[in-house]
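**Student:** What follows is a single structure, and I will ask about it in a moment.
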Amino acid sequence: KRRGSRGGRPTGFDKTIYKRRNEVERTINALKNFRAVATRFDKRAYVFHGTVTAASIRLWLRS
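Sequential numbering of the sequence shown, starting at 1, is according to full-length UniProt numbering.
Next comes the structure, spelled out in structure tokens:
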């Protein structure tokens, strides 16, 4: 069967790109464990950026 826009695996499947995308998705999900990041508690973008940075540092120190 030919697959494409009707479903199934994309025709241009690249294993390395998929692996990198999966890594990014898992990192974003780990950041969402922090309540302030998941709910976008901060109103200003630069404060939110600082919150994401602090959460990233905590994740980095844990690993």
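For glycine and all other residues, C-beta sits at the position ideal for the given N, C-alpha and C.
#1: Name the two residues that bound the continuous alpha helix (DSSP H) containing ASN29.
#2: Determine the direct distance from the alpha carbon of TYR18 to that of GLY12, and round the result to whole angstroms.
#3: Shortest alpha-carbon distance to SER56 belongs to which of THR16, ALA45 and ASN29?
#4: What is the DSSP secondary structure of SER56, reduced to helix, strand or coil?
#5: Would you please state the rounded distance, in angstroms, between the beta carbons of LEU31 and VAL24? I believe it to be under 8 Å.
#6: What residue from THR16, THR27, LYS15 and ARG35 has the CA that sits closest to TRP60's CA?
**Tutor:** Reading from the atomic positions:
#1: 15–31
#2: 11 Å
#3: Per the Cα distances, ASN29.
#4: Residue state for SER56 is assigned as helix, using DSSP reduced to three classes.
#5: Actually they are not in contact, since the Cβ atoms of LEU31 and VAL24 sit about 11 Å apart, beyond 8 Å.
#6: THR27
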